[in-house]
Amino acid sequence: MITEHLITCLREAVASAQKAGELDLTSPPADVSIDPPRNKEFGDFASNIAMTLAKPAGLPPREVAARIIKYLPVGQGVIARVEIAGPGFLNFYLKPHWLQDTLLEIEERDAFYGTNRTRLGEKTLIEFVSANPTGPISVVNGRAAALGDSLANLLAACGAEVSREFYINDALNSLQLEKLAQSLAWRYGQQLGLDWAMPEDAYMGEYLMDIAADLVKEFGDRYAKVSEEERQAAFREMATSRMVEQQRRDLEAFGVRFDRWFYESSLYESGAVRRCIEEMKARGHAYEKDGALWLRTTQLSRDEKDRVLVRSNEKETYVAADAAYHKDKFDRGFNRLINIWGADHHGYVQRLKAGIAALGYDPDRCEIILTQMVLLMRDGEPVRGSKRAGDIIPLADLVSEIGRDAARFYNLLNSYETTATFDLELAKKQSNENPVFYAQYAHARCCNVLRRAEEMGVSVPQAGAVNRELLTHEKELDLLRRLADYPEEVRLAADMLAPHRLTAFVREIGQALHQFYEECPALKEGVPADLRDARLTVFNATRIVVRNLLTLLGVSAPERM
RNA sequence: GCGCUCGUAGCUCAGUGGAUAGAGCAUCUGACUUCGGAUCAGAAGGUCGGGAGUUCGAAUCUCUCCGAGCGCGCCA
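Going by the numbering used here, the first sequence opens with residue 81, and the numbers climb by one from there.
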C-alpha cells in the first residue's frame, strides 16, 4: 500500500541523514506516521515526523524537516514534491498515476478489493443480541444485531475466522422463564374460556396470546386436564422453543444469521457448570460464607465485591454459568471473544472477567463492547419499552415498515458509544430520506451508466486498456482518492471495532460519485471516445467499491431503484 | 453515597494528539427537453458543558466541577 511505501521512504531518509551526521539520534524513530491531511492544499499525505524528532535531535522542527527532505527520493518514484509547512509538517505531493492506477487494482481484486490479511490466524467468536427468550426481538436489540453482524463481516474481511453466536438464557433456575410459562398458561386458559387467575407480574405482550391460540389449535384442551406441575413444565418448554423460533425468524428478516444458538441449559445438562465450580474451588478462588459459595472476584478483577457462585439453596448463579460458557468458547479454539452487551450490564464486566481468570484463561482475550442505551421516542415522548408490560417495539415491525436496508443502515449511523435517540416516526418517515438511499443510489447510478453504455453499443473497457492519464479533472481525482482510501478505511474500522465509520465513508464516496457524475460526463455528446472509456472504468470501479462497502454493512446494492 | 458511561451547529450525530472542528436533517437561495433530480451548487448556523494541567500542538490524554443516563440482589 502507498502509505507503507512512504513510511519506508521516510525511515530510509532519516537513516541516511543520521549516517551523514546531519541528525544526531540515539535510536531510529519508533512510530512513523503518515496521514492524509484534512485540507487538500497540504498535499496527498503529511507526516509529523520532524516535530516528533525535534526534541531528541535538539533542532527546531523545520530544520529537522529540511534535513530529512534532502534524502527523500523526490521526483524519482511516485513522489512529485515534498514541502515543509506550518510548524514542521512534511507534505507529500504525489504524481497522479498513484490514483489512476488504483483502477487496475480494484478491477483485478473485484469483490476482494478492500480485504486484507492483517487478522489471519485470529479465531474470533462474536456473541451478540442474546436476548432473553421472554419476548420478540425489539428495535433496541436491533442496534446490537446490526453492530455485531457487520463487525463480524469486517473482521472476516481482515482475514479473521469469525463465528456469530446467540446465547439463550433458558436455565431452569431462571425466574423469568417461570413467569413466562405461567403467563402463557394463563393465556391458554383464557382461550379455552377458563377462569384461571392472572399470575403476578405477568408478561402482558400480545405475542403470548398468539402462541396460546396456536397451542389451542394444536393440542386442544389437553393441558387443561393435567396437573399444574406438568402444565408448568410443558409450557416452559413450549414457550422457550417458540420464542427462540420467533427470535430467529425476526433476526433473519433483519439479515442476521447466527452460526450457533447456544443454550445455557446445555451447560447444566453436561455438568460443565458443576465442573467449573470444582475447578475454581481447586484453584483456591472460591470460599464458603453464610451457607453460600463465593467467588473472589475482587481479587481476580476490579469488581467491588465478591459474587455468589452457588446460593445457599444449592442452585448455581449465572456467574457460574457464564464462566462455564466462556470456558467453553475458549475450549472450542477461539482465541478472541467479543461480547456485545447493553450499557445497563456494565456492572457485570468485572465479574465475568473474574470468572474467566478463575478458570485459568486470559480475561484480556474477552472484549466486552457496551452499547449505550437506545432512547426510544414516540410523538416527542420517551417510550419505556418493557417486555413485561408488553410495550416493546418489535424489530420485525420496523423492518416491515421501513425495510431491512434502511433499518440496518440507520442502526449503524452512529458509534455505539453514544446514547442513540431513536425517533420512531422519523425512522419511518426516513424511508425516503434515510441516508442509505444516497449510498444505494450511487451504486444504481454507476450501474445505470454502464448499462446505458452497452445500450449505446459502447462496450465497457478494462481499466488496463484505457488512457488513465486523461483522468485529471478535480472531481475525478477526488473520487479516485476515496476509492484508494477504502482498504485503509476497512482496516481502521476493524481495528477500532467501529463499523459506523463505514457508513460515514460510503456517504463520502456517494458524494464524490454524484459530483463526478455532474461534472464529468462520459456518454454525453461531444465527449471524446478515449475520455469516455476512461470515465466508464471509473464508474465501474466505484460500482465495485460501493457494493463491497454495502455488503460489509449488511445492506443490499441495488442495480436499479 | 459509590461505580461505569456520555455532554460537539436549532435537531440527529461524525471527528486517528496535528494545520481554518465537519456531515445529514431542518431553514433560505439557485440548477430540470438529466449519461434516471432518491442529484448538484451556494448561504446561514460553534465560548467542542465550565475550569485547570500535560506538550511544539488538546474536541481528543489527566484532574476537578456542573449536567444527563445506567448500574449497585444468594434475579438473569
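Heads up, the beta-carbon is just placed ideally off N, CA and C, and yes, glycines get one too. Predicted, not measured: the structure shown is a model, and the values here were computed from it.
Rounded separation between residue i and residue j - CA only
i	j	result
Leu105	Val94	10 Å
Phe489	Gly273	45 Å
Ala137	His85	24 Å
Ile129	Gly157	21 Å
Ala211	Ile420	11 Å
Asp613	Asn547	8 Å
Phe619	Asp565	17 Å
Leu632	Asn233	5 Å
Ala352	Gln262	29 Å
Glu92	Ala237	32 Å
Leu629	Val390	48 Å
Ala574	Glu535	40 Å
Leu504	Ala333	19 Å
Ala277	Lys297	22 Å
Ala592	Glu497	28 Å
Gly194	Gly413	27 Å
Asp290	Arg322	11 Å
Ala226	Pro116	30 Å
Glu325	Asp190	37 Å
Pro279	Arg468	12 Å
Ala637	Gln327	26 Å
Ala314	Phe517	47 Å
Ala362	Leu347	20 Å
Gln595	Arg223	32 Å
Cys527	Arg623	7 Å
Ala519	Val538	26 Å
Leu475	Thr88	50 Å
Pro140	Arg532	58 Å
Phe342	Tyr521	39 Å
Residue i, DSSP secondary structure in three states
i	result
Val220	helix
Pro141	helix
Asp290	helix
Thr88	helix
Val463	strand
Thr214	coil
Asp115	strand
Lys99	helix
Leu577	coil
Tyr643	Absent from the structure is residue 643, since the part of the chain shown begins at 81 and ends at 641.
Cys600	coil
Thr22	With the chain covering only 81 through 641, there is no way to say anything about residue 22.
Arg431	helix
Asn419	strand
Ile149	helix
Leu274	coil
Ile436	helix
Arg387	strand
Pro474	strand
Phe192	helix
Close beta carbons around residue i, own chain, < 6 Å, minus the five adjacent residues each side
i	result
Val429	Ile448
Arg142	Ile164, Gly168
Tyr268	Ala292, Leu295
Pro541	Asp613
His580	Leu492, Asn494, Ser495
Tyr151	Ala93, Ser96, Ala97
Asp339	Ser243, Arg244
Asn171	Phe122, Gly123, Ala126, Glu163, Ala165
Phe410	Tyr441
Gly470	Met284, Gly285
8 Å CB neighbourhood of residue i in its chain, flanking five on each side removed
i	result
Ala584	none
Asp301	Leu272
Asn196	Ala237, Cys238, Gly239, Pro567, Val570, Arg571
Beta bridge counterpart(s) of residue i as assigned by DSSP
i	result
Ile159	Leu174
Ser243	Leu205
Phe125	Phe172
Lys369	Ala372
Asp503	Met457
Ala165	Phe169
Other residues of its chain near residue i: CB distance less than 7 Å, five sequence neighbours each side excluded
i	result
Ala240	Arg199, Glu202, Thr204
Gly544	Leu184
Leu288	Ser263, Leu264, Arg267
Subject >> Given 8 Å, three or more beta-carbon pairs between the stretch 218 to 231 and the stretch 366 to 384 >> reply: no
**OP:** Decide yes or no for the touch test of the stretch 369 to 377 against the stretch 434 to 441: beta carbon pairs closer than 8 Å, at least 3 of them.
**Re:** yes
Original post:
Are at least three pairs of beta-carbons, each pair with one atom in the stretch 198 to 214 and one in the stretch 172 to 179, less than 8 Å apart?
Top reply: no
**OP:** Mind the definition here: the stretch 301 to 314 touches the stretch 448 to 457 only if three or more C-beta pairs lie below 8 Å; say whether that holds.
**Re:** no
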